[in-house]
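In our numbering, the protein residues as written are 37 to 161. Idealized CB from N, CA, C, for every residue including glycine.
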Ligand SMILES: [Zn+2]
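Listed below in structure tokens is the structure:
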């Protein structure tokens, strides 16, 4: 890959009946040092039988996700941080309940690891 990887990828998902499962948005969280994902409605609407919490602006280069992303609520996984954030204009805003070192800070979304951009972004490249 010659260009810098994108900061987000979006990929439509379908089930075995070709019914939409929504569009999965993938970002790399610099607080957790792992991928986070949000599911948004795609152009076929909201996935049947699912609750969709998020929306997005359709722009992976300047990503805004409507609704906060909460990972590891209640720290069910004690070895990982609780992470609560908003993504706006390509930046990630960490809220005050994060347990990692970027708590309370707003930083640029980092480029995705190449494996993530390649494996999850293929249909949108
Ligand atoms: Zn995180």
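Could you check the C-alpha separation between residue i and residue j for me, to the nearest Å?
| i | j | result |
| --- | --- | --- |
| residue 146 | residue 40 | 10 Å |
| residue 136 | residue 120 | 10 Å |
| residue 160 | residue 127 | Model confidence at residue 160 stands at a pLDDT of 43, short of 50, so the residue's coordinates are unreliable; what they give is reported in the following sentence. Those two C-alpha atoms are separated by around 21 Å. |
| residue 91 | residue 142 | 20 Å |
| residue 79 | residue 94 | 11 Å |
| residue 61 | residue 98 | 13 Å |
| residue 63 | residue 52 | 26 Å |
| residue 54 | residue 156 | 18 Å |
| residue 100 | residue 125 | 5 Å |
| residue 139 | residue 114 | 17 Å |
| residue 73 | residue 104 | 11 Å |
Under 8 Å, do residue i and residue j count as touching if we go by C-beta distance?
| i | j | result |
| --- | --- | --- |
| residue 42 | residue 96 | yes |
| residue 71 | residue 152 | yes |
| residue 107 | residue 58 | no |
Buried or exposed for residue i, please, with buried defined as at least 16 other CB atoms from any protein chain shown within 10 angstroms of its CB.
| i | result |
| --- | --- |
| residue 85 | exposed |
| residue 49 | exposed |
| residue 123 | buried |
| residue 67 | buried |
| residue 170 | Not covered by the structure: residue 170. The range shown for the chain is 37 to 161. |
| residue 44 | buried |
Name the two residues that bound the continuous beta strand (DSSP E) containing residue i.
| i | result |
| --- | --- |
| residue 119 | 119-124 |
| residue 64 | 56-65 |
| residue 129 | 127-130 |
| residue 144 | 142-144 |
| residue 102 | 101-107 |
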